[in-house]
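Below is one structure, written out as C-alpha coordinates, with a few remarks after it.
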Amino acid sequence: MNLKDMTGLQIMQAAAAGKLPLAPISKTIPMQIKLAEEGRVVFEATANETHTNPLGGVHGGFAATVMDSVTGCSAHTTLEAGQSYGTIELNVKMCKPVPFNKTLVAEGKVINKTRRLVISEGYLRDETGSLYAYATATNMILS
(Lines of atoms letter the chains of each structure in order from A and count residues from 1; the text may use other names and numbers.)
(Lines give C-alpha, C1' and ligand atoms only; values in the text may rest on other atoms or scores of the structure.)
Protein backbone atom coordinates (compact mmCIF):
# COMPACT_ATOMS: atom_id res chain seq x y z
CA MET A 1 0.00 0.00 0.00
CA ASN A 2 1.26 3.44 -0.90
CA LEU A 3 -0.11 5.86 1.70
CA LYS A 4 0.38 8.84 -0.62
CA ASP A 5 -2.17 7.35 -3.04
CA MET A 6 -4.77 6.61 -0.35
CA THR A 7 -7.48 8.94 0.96
CA GLY A 8 -7.62 9.59 4.67
CA LEU A 9 -10.66 7.34 4.93
CA GLN A 10 -8.87 4.50 3.14
CA ILE A 11 -5.89 4.84 5.50
CA MET A 12 -8.08 4.83 8.61
CA GLN A 13 -10.12 1.85 7.38
CA ALA A 14 -6.94 -0.08 6.55
CA ALA A 15 -5.60 0.60 10.06
CA ALA A 16 -8.92 -0.51 11.60
CA ALA A 17 -8.76 -3.73 9.57
CA GLY A 18 -5.19 -4.42 10.73
CA LYS A 19 -3.72 -3.89 7.26
CA LEU A 20 -1.63 -0.94 8.47
CA PRO A 21 0.17 -0.65 11.80
CA LEU A 22 -1.40 1.53 14.46
CA ALA A 23 0.38 4.75 15.38
CA PRO A 24 3.14 4.21 17.97
CA ILE A 25 1.20 6.33 20.50
CA SER A 26 -1.26 3.42 20.77
CA LYS A 27 1.42 1.48 22.66
CA THR A 28 1.86 4.27 25.21
CA ILE A 29 -1.87 4.99 25.43
CA PRO A 30 -3.54 1.63 24.68
CA MET A 31 -6.17 2.33 22.05
CA GLN A 32 -7.35 0.68 18.88
CA ILE A 33 -9.55 1.71 15.99
CA LYS A 34 -12.86 -0.12 15.88
CA LEU A 35 -14.65 1.87 13.17
CA ALA A 36 -13.73 4.44 10.55
CA GLU A 37 -16.26 6.06 8.24
CA GLU A 38 -16.51 9.43 6.53
CA GLY A 39 -16.26 12.06 9.28
CA ARG A 40 -16.40 9.58 12.19
CA VAL A 41 -14.16 7.16 14.08
CA VAL A 42 -14.66 4.92 17.10
CA PHE A 43 -11.76 3.73 19.26
CA GLU A 44 -11.46 1.62 22.37
CA ALA A 45 -9.01 2.80 25.04
CA THR A 46 -7.93 1.34 28.36
CA ALA A 47 -5.91 3.14 31.03
CA ASN A 48 -3.58 1.07 33.21
CA GLU A 49 -1.18 1.66 36.08
CA THR A 50 1.46 3.15 33.76
CA HIS A 51 -0.89 6.14 33.36
CA THR A 52 -0.95 6.99 37.08
CA ASN A 53 -0.65 10.62 38.21
CA PRO A 54 1.14 11.65 41.46
CA LEU A 55 -2.15 11.35 43.39
CA GLY A 56 -2.72 7.75 42.32
CA GLY A 57 -5.42 8.25 39.68
CA VAL A 58 -5.33 8.15 35.89
CA HIS A 59 -3.38 11.16 34.58
CA GLY A 60 -5.50 13.67 32.64
CA GLY A 61 -3.11 13.31 29.73
CA PHE A 62 -4.59 9.88 29.05
CA ALA A 63 -8.03 11.29 28.18
CA ALA A 64 -6.47 14.30 26.43
CA THR A 65 -4.38 12.05 24.19
CA VAL A 66 -7.35 9.83 23.35
CA MET A 67 -9.44 12.92 22.54
CA ASP A 68 -6.68 14.35 20.33
CA SER A 69 -6.51 11.01 18.53
CA VAL A 70 -10.22 10.58 17.82
CA THR A 71 -10.82 14.20 16.85
CA GLY A 72 -7.78 14.14 14.57
CA CYS A 73 -8.57 10.76 13.05
CA SER A 74 -12.17 11.78 12.34
CA ALA A 75 -10.74 14.79 10.49
CA HIS A 76 -8.33 12.45 8.68
CA THR A 77 -11.26 10.47 7.25
CA THR A 78 -12.31 13.55 5.24
CA LEU A 79 -8.96 14.17 3.55
CA GLU A 80 -8.00 13.53 -0.05
CA ALA A 81 -5.02 11.43 -1.07
CA GLY A 82 -1.77 13.26 -0.35
CA GLN A 83 -3.24 15.52 2.33
CA SER A 84 -2.37 15.46 6.01
CA TYR A 85 -3.41 17.49 9.03
CA GLY A 86 -2.14 19.00 12.24
CA THR A 87 -3.96 19.86 15.45
CA ILE A 88 -3.97 23.61 16.00
CA GLU A 89 -6.42 23.70 18.92
CA LEU A 90 -7.64 21.08 21.38
CA ASN A 91 -10.05 21.79 24.24
CA VAL A 92 -10.71 18.90 26.63
CA LYS A 93 -13.25 18.85 29.45
CA MET A 94 -12.65 16.14 32.05
CA CYS A 95 -16.07 15.08 33.34
CA LYS A 96 -15.07 12.41 35.85
CA PRO A 97 -12.00 10.32 36.71
CA VAL A 98 -10.98 7.72 34.14
CA PRO A 99 -10.87 4.27 35.75
CA PHE A 100 -7.97 1.85 35.56
CA ASN A 101 -8.26 -1.32 33.47
CA LYS A 102 -11.72 -0.54 32.09
CA THR A 103 -12.17 -0.36 28.34
CA LEU A 104 -13.81 2.91 27.32
CA VAL A 105 -15.25 3.90 23.94
CA ALA A 106 -13.94 7.07 22.30
CA GLU A 107 -15.79 8.59 19.37
CA GLY A 108 -14.73 11.46 17.15
CA LYS A 109 -17.03 13.28 14.73
CA VAL A 110 -16.40 16.05 12.23
CA ILE A 111 -18.79 18.95 12.77
CA ASN A 112 -17.46 21.35 10.12
CA LYS A 113 -14.95 21.31 7.28
CA THR A 114 -13.65 24.15 5.15
CA ARG A 115 -10.92 24.24 2.54
CA ARG A 116 -8.20 24.62 5.23
CA LEU A 117 -9.74 23.61 8.57
CA VAL A 118 -11.63 20.67 10.07
CA ILE A 119 -13.51 21.11 13.35
CA SER A 120 -14.43 17.99 15.27
CA GLU A 121 -15.65 16.83 18.65
CA GLY A 122 -14.89 13.77 20.73
CA TYR A 123 -16.46 11.79 23.55
CA LEU A 124 -14.97 9.26 25.95
CA ARG A 125 -17.67 7.03 27.46
CA ASP A 126 -18.13 3.70 29.18
CA GLU A 127 -20.47 0.91 28.05
CA THR A 128 -23.45 2.58 29.77
CA GLY A 129 -22.86 5.88 27.98
CA SER A 130 -21.50 7.68 31.04
CA LEU A 131 -19.26 10.57 29.90
CA TYR A 132 -15.64 10.76 31.15
CA ALA A 133 -14.30 13.44 28.77
CA TYR A 134 -15.51 15.72 25.99
CA ALA A 135 -13.36 17.61 23.48
CA THR A 136 -13.45 19.93 20.55
CA ALA A 137 -10.57 20.33 18.16
CA THR A 138 -9.50 22.30 15.12
CA ASN A 139 -7.14 20.67 12.63
CA MET A 140 -5.41 22.44 9.78
CA ILE A 141 -5.34 20.64 6.44
CA LEU A 142 -1.81 20.37 5.08
CA SER A 143 -1.22 19.70 1.39
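Residue numbers (this note's numbering): 69 to 211.
Note that CB positions come from ideal geometry on N, CA and C, so glycine has one too.
With a 10 Å radius around its C-beta and 16 neighbouring C-beta atoms as the bar for buried, classify residue i as buried or exposed.
i      : result
Asp73  : exposed
Ser211 : exposed
Ala149 : exposed
Leu147 : buried
Thr145 : buried
So which of the options has the shortest CA-CA distance to residue i?
i      : options                        : result
Thr114 : Pro98, Arg108, Thr120          : Pro98
Tyr191 : Lys164, Met208, Thr182, Arg184 : Lys164
Gly124 : Pro167, Gly76, Ile179, Asn180  : Pro167
Ala143 : Met69, Met208, Leu71, Asn70    : Met208
Glu117 : Thr139, Glu195, Thr96, Thr145  : Thr96
Find out if the Cβ-Cβ distance for the pair residue i, residue j is shorter than 9 Å.
i      : j      : result
Ser137 : Ala83  : no
Thr206 : Leu172 : no
Lys201 : Met135 : Residue identity check: residue 201 is Ala in the sequence provided, not Lys. In contact: Ala201 and Met135 (Cβ atoms closer than 9 Å).
Leu158 : Ala91  : no
Arg108 : Gly197 : no
Look up residue i in the DSSP assignment and give the residues it is bridged to.
i      : result
Lys181 : Val186
#### Entry: 3 or more residues per run - each beta strand (DSSP E) lying fully within the segment 129-178
Scanning the segment 129-178 for uninterrupted beta strand (DSSP E) segments of 3 residues or longer gives 152-162, listed from N- to C-terminal end.
### Message
Give the list of continuous alpha helix (DSSP H) stretches no shorter than 4 residues that lie fully inside the segment 90-133.
### Response
With a minimum length of 4 residues, the continuous alpha helix (DSSP H) runs that stay inside the segment 90-133 are 93-96.
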